[in-house]
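Engineer: If you scroll down you'll find the structure; I have some questions about it.
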Amino acid sequence: MTFQQSLERHLTAVQNRDIDTFLKTIANDGRLTLIMPNGSLWQDYDDIAELHREWFADPDWQMTTELLTTHESPGMAAALLLVNYTDVDMEGAPVEFEYYLHLLFAKEGAQWLVIHDQNTLIETESEDE
Numbered sequence: 102m103t104f105q106q107s108l109e110r111h112l113t114a115v116q117n118r119d120i121d122t123f124l125k126t127i128a129n130d131g132r133l134t135l136i137m138p139n140g141s142l143w144q145d146y147d148d149i150a151e152l153h154r155e156w157f158a159d160p161d162w163q164m165t166t167e168l169l170t171t172h173e174s175p176g177m178a179a180a181l182l183l184v185n186y187t188d189v190d191m192e193g194a195p196v197e198f199e200y201y202l203h204l205l206f207a208k209e210g211a212q213w214l215v216i217h218d219q220n221t222l223i224e225t226e227s228e229d230e
């Protein structure tokens with residue numbers, strides 16, 4: 102599987118809330134790191150898997166991605182995406198924000214696995230400015 106195919110498989114698994122396929126796209130050997138938009142760092146595979154199980158079970162969110170750049174070498178590859186995310190808060194009010202998603206993949210035999218997933222919130226101007 103090429104890097105581009107692996108990237109598409111990973112993103113499609115997220116879009117479709119397909120936890121089984123998603124888990125096949127991420128490293129499970131202790132190398133995986135996840136940085137959330139709020140800066141929290143996750144490094145335990147089981148915790149990251151459970152976080153995604155809970156997130157995928159939520160039917161309210163939607164996200165679209167725009168691929169900005171990719172870089173590929175024989176053993177590593179990276180993708181930078183712009184994500185538009187919509188959801189509803191606990192009171193049912195709509196929430197929308199954008200963030201950069203940076204994914205780092207390592208080649209493992211015939212497949213590419215995510216080893217780093219960083220989400221950086223894009224600050225928007227407040228309505229008062």
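Under this note's numbering, the first residue of the sequence shown is numbered 102, with each subsequent residue one higher.
In this text, a Cβ means the ideal position worked out from N, Cα and C, and glycines have one as well.
(1) Does DSSP put aspartate 188 in a helix, in a strand, or in coil?
(2) What are the boundary residues of the alpha helix (DSSP H) that includes threonine 113?
(3) With a CB to CB cut of under 7 Å and the five nearest residues on each side skipped, what residues in its chain are close to isoleucine 127?
(4) How big is the Cα-Cα spacing for glutamate 228 and threonine 165?
(5) Pull up the DSSP beta-bridge partners for methionine 164, would you.
(6) Does DSSP put isoleucine 149 in a helix, in a strand, or in coil?
(7) Expressed to the nearest angstrom, what Euclidean distance is found between the alpha-carbon atoms of glutamate 192 and glutamate 173?
(8) Could you tell me the alpha carbon to alpha carbon distance between glycine 210 and glycine 131, rounded to whole angstroms?
(9) Nearest CA to the CA of leucine 142: which residue from Ala207, Asn220, Leu204 and Phe123?
Structural biologist: This is what the structure holds:
(1) strand
(2) 104 to 116
(3) Leu133, Leu214 and Val215
(4) With a pLDDT of 49 at glutamate 228, under the threshold of 50, the modelled position of that residue is not reliable, and the figure given next carries that caveat. Straight-line Cα distance between these residues: approximately 24 Å.
(5) Tyr186
(6) helix
(7) 43 Å
(8) 17 Å
(9) Asn220
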